[in-house]
Amino acid sequence: MCSTGLRMFFNPSSIAIVGVSDNPKKVGNLVAKNLIAQGYESPIYFINPKYKTLFEKRVFAKLSDVGQSIDLVVLAVPVDIALGYLDEIKAVGTKNIVIFAAGFKETSTEGEKKEKLLKEKAGAYGFNILGPNCIGFINTDKKINTTFLRDICPAGNIGFVSQSGALGSLMVDSLVNHKNLGFSYFVSLGNKTIVDETDVLEFLADDPKTKVIAMYLEDVKDGDRFKQILKKTTQKKPVVVLKSGVTAEGSQAAISHTGSMMGNDQIYQAVFDQCGAIRAESFSEFMTLLKLFSFDRIPFSKNTLILSNAGGVGVLLTDELVKQKLSLITITEEVKQNIIQSMGGDKISLHNPIDLLGDARAFDYEQAIKSTIKEKEIGSVVILLTPQANTEIPETASVIARAQAGFDRPIYPIFMGEKSVGNPHLFFEEKNIASFSTYDFLPKALAKIIAYKKYLGLPEQVFPTDNQGDSGEIGRTILSGRGKSFLNLVDSMEVIERSGIPVENLYMAANMSDLASKVKNINYPVVLKIASEKITHKTEVQGVIADIRDDEGLKTAYDHLCQISQGKEVLLQKMVKGHELIVGAKRDSVFGIMVMVGLGGIYTEVIKEAVSFNYPFSNDYFCQIIEKTKLLPFIKGFRGSYPLDTDKLYRIMFRIGQLLYKHPQIKEVDINPLMLVEGNLVAVDGRIVLL
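Per this note's numbering: the sequence shown ends with 682, consecutive numbering throughout.
Written out as structure tokens, the structure is:
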């Protein structure tokens, strides 16, 4: 659905409520009251054959009795009655519908049939439907409230879209008593039969009243379109996402390491990162991020200054900032002298965090702020206040507000405590200052905003025109595995090599005599691997014997593998020593091809340090993300080892993604391990899972 269609949907010039009631517990009653209380000034038509008048307005028996055009119909009736109204809505020429009723696909097989009918009629009649199983929408600028929420929605610049009605209700309740903090639009999606999260995202991206977009997601309906619109939107304004479903039970049964390491949540995280969305890990962090963006209190850089009247709390905050890789600026000698002259150097700490001591009054905060904000490298200032005997809370709040008015970088007051502190945050909000009652969520929020700013500074994504690989031969090898769940190791390694990825040669030995002959061609040390196609993870059955250095060891290893496999064939490979990585790719049903890299070898699923990318992805973006992971020591080189060439790793990962793109029969690819040997990368073992 195009954003133009939603513009008409969310800005109706007339609204009909079907199912209006005098019963205060009925949805139809609550919606009517909310629409009137919000102050909607355009025509409202009430529909219910049981009544003549309600709320001092005429009630019509049918939609057709209205005799005027109706831009939006709100169906506040049970599921079967709602379905029965569709033909009448078409007859009066209305295209936009809100359906509250539950009882569709979320409940039963019978409900699925009803939703299928709803979708079919919507397609045939050209309906735009919000819901079913939703709580409606709010447009604060036009004073439209089609929800049955208890509170009047506060106006502001946050565009909010949610799959959960209950979480939407929580959002409104959380903001209703705040100042200058509220919604431009509030949209509850419900079952997303027609209007989905991407439709609303596209609409909010172009809405001038919306400064920041907030999304609560459980899933995504159309992954490709969502990625496209999300990437465009984050170039215009921030998108903050709260996504549920972090755990993934199904990964335990995955055939490949890639499948188990790249679960549903990791895939969503990769897509959010790659498209520039900021993901909150909790509701409190979600609200912190929204407050910072709504008030436009964005850190200039990661360089932070802390002023505090409590040394311990200042140290705790410092720990959290450092964990998020934020920096504490070093106080210059010039600023130290300013502090000494204005406050006395023997009284306070001259290091960051600056401890003003427990007896600090508003004057002390004022002098400290004036002395320190002259530091040119400051990206943001955090001012901690805890209630102590001499603490002047309202006066200190006023000092901070005056300082922020004359300072171009953000000041974040954190007034901790309850009984003695009261609620200074309403005062700060009136000044559009983002204040908090705890430091718990601010450091991570600041780090994520700085990462978003860095993302916006990346060059436009450019993808290599990489034509490596013999598609014809790869296709024939894949066809040879038809009917199987995965290719054997020999065929897997052949496909990987033909994709343009360096591999260590693998030799099939038919028996002990053949093995002894082949070893002479490559020399010791060598590795033997089980050749059975029935065994997926070879190391779990001791199916890989490494670092074999002589004929005796070779015979012992051969006998062991034959006993396991109940056969005589084994696989031979030259022993390769180096640092182990894993790279892989899988085909996701929502977002398409995902590629990952992590620490490899036998500890792959124990350590599970991996990072994922949605194919295609650029080298610039790849390098930015990879340097944040535990792969950084490999990149830099450690203990005298060769550094990892990220360009080489990127090309390998891009070619794996390209392999899945060109060959839709492939479900997953593992290269584990991918060895880093003297600066070069070589695939030592691999697995290809087929659809």
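Note that CB positions come from ideal geometry on N, CA and C, so glycine has one too.
According to the neighbour-count rule (16 or more other Cβ atoms, all chains shown, within 10 Å of its Cβ), is residue i buried or exposed?
i: Val313; result: exposed
i: Asn671; result: exposed
i: Gly159; result: buried
i: Asn381; result: exposed
i: His342; result: exposed
i: Arg141; result: exposed
i: Thr224; result: buried
i: Glu531; result: exposed
i: Asp676; result: buried
i: Glu137; result: Checking the sequence, you will find Thr at residue 137 rather than Glu. Thr137 should be labelled buried.
i: Ser4; result: exposed
i: Gln243; result: Model confidence at Gln243 stands at a pLDDT of 42, short of 50, so the residue's coordinates are unreliable and nothing is read from them.
i: Glu409; result: exposed
i: Leu417; result: exposed
i: Val453; result: exposed
Just checking my contact of residue i with residue j at CB under 8 Å: how many whole Å lie between their CB atoms?
i: Asp256; j: Val237; result: 5 Å
i: Asp62; j: Ile6; result: 7 Å
i: Tyr42; j: Asp13; result: 7 Å
i: Ile72; j: Ile38; result: Going by Cβ atoms, the distance from Ile72 to Ile38 rounds to 11 Å, so no, they are not a contact pair.
i: Thr309; j: Leu296; result: So it is not a contact: roughly 11 Å between Cβ atoms.
i: Ala500; j: Glu560; result: 7 Å
i: Ile330; j: Leu298; result: Contact doesn't hold; Cβ gap of about 11 Å is too wide.
i: Ala67; j: Val18; result: 5 Å
i: Asn171; j: Glu420; result: 5 Å
i: Glu209; j: Ser175; result: Not really, about 23 Å apart at Cβ, beyond 8 Å.
i: Ile402; j: Gln395; result: 5 Å
i: Thr131; j: Gly173; result: 7 Å
i: Val494; j: Val673; result: 6 Å
Once DSSP output is grouped into helix, strand and coil, what is the label at residue i?
i: Leu667; result: strand
i: Tyr446; result: helix
i: Gly466; result: helix
i: Glu571; result: strand
i: Phe645; result: helix
i: Phe194; result: helix
i: Tyr498; result: strand
i: Arg141; result: coil
i: Met206; result: strand
i: Ser4; result: coil
i: Ile246; result: The predicted model places Ile246 with a pLDDT of 47, which falls under 50 and marks its position as unreliable, so this point remains unresolved.
i: Met566; result: coil
i: Val412; result: coil
i: Asn87; result: strand
i: Phe477; result: strand
i: Lys658; result: strand
i: Met587; result: strand
i: Phe286; result: coil
i: Gly677; result: strand
i: Ser603; result: strand
i: His346; result: Looking at the sequence shown, residue 346 is not His but Asp. Three-state result, Asp346: strand.
i: Thr44; result: strand
i: Phe406; result: strand
i: Asp13; result: coil
i: Arg352; result: coil
i: Ser60; result: coil
Tell me which residue opens and which closes the beta strand (DSSP E) that residue i is part of.
i: Arg400; result: Run containing Arg400: none; DSSP gives neither H nor E here.
i: Lys212; result: Careful: Lys212 lies outside any beta strand (DSSP E) and carries neither H nor E.
i: Lys48; result: Lys48 to Phe51
i: Tyr176; result: Phe174 to Ser179
i: Thr377; result: Where Thr377 is concerned, there is no enclosing beta strand (DSSP E), given that its DSSP letter is neither H nor E.
i: Ala537; result: Val535 to Ile539
i: Ile129; result: Phe128 to Asn130
i: Arg270; result: Ile269 to Ala271
i: Val518; result: Val517 to Ile521
What residue does the alpha helix (DSSP H) around residue i start on, and which one ends it?
i: Ala146; result: That residue, Ala146, is in no alpha helix (DSSP H); its beta strand (DSSP E) goes Ala146 to Ser153.
i: Gly75; result: Val70 to Gly75
i: Tyr36; result: Here Tyr36 belongs to no alpha helix (DSSP H); instead the beta strand (DSSP E) covers Ile35 to Ile38.
i: Ser299; result: Here Ser299 belongs to no alpha helix (DSSP H); instead the beta strand (DSSP E) covers Asn294 to Ser299.
i: Val163; result: Gly156 to Leu166
i: Asn25; result: Val18 to Gln29
i: Val510; result: Met503 to Ile513
i: Lys110; result: Thr100 to Tyr116
i: Leu341; result: No alpha helix (DSSP H) holds Leu341; DSSP gives it neither H nor E.
i: Leu54; result: It is not in any alpha helix (DSSP H) - Leu54 carries neither H nor E in the DSSP assignment.
The ligand FMN heavy atoms versus the CB of residue i: any closer than 6 Å?
i: Pro401; result: Among the components of this structure there are no ligands whatsoever, and the ligand FMN is therefore not found.
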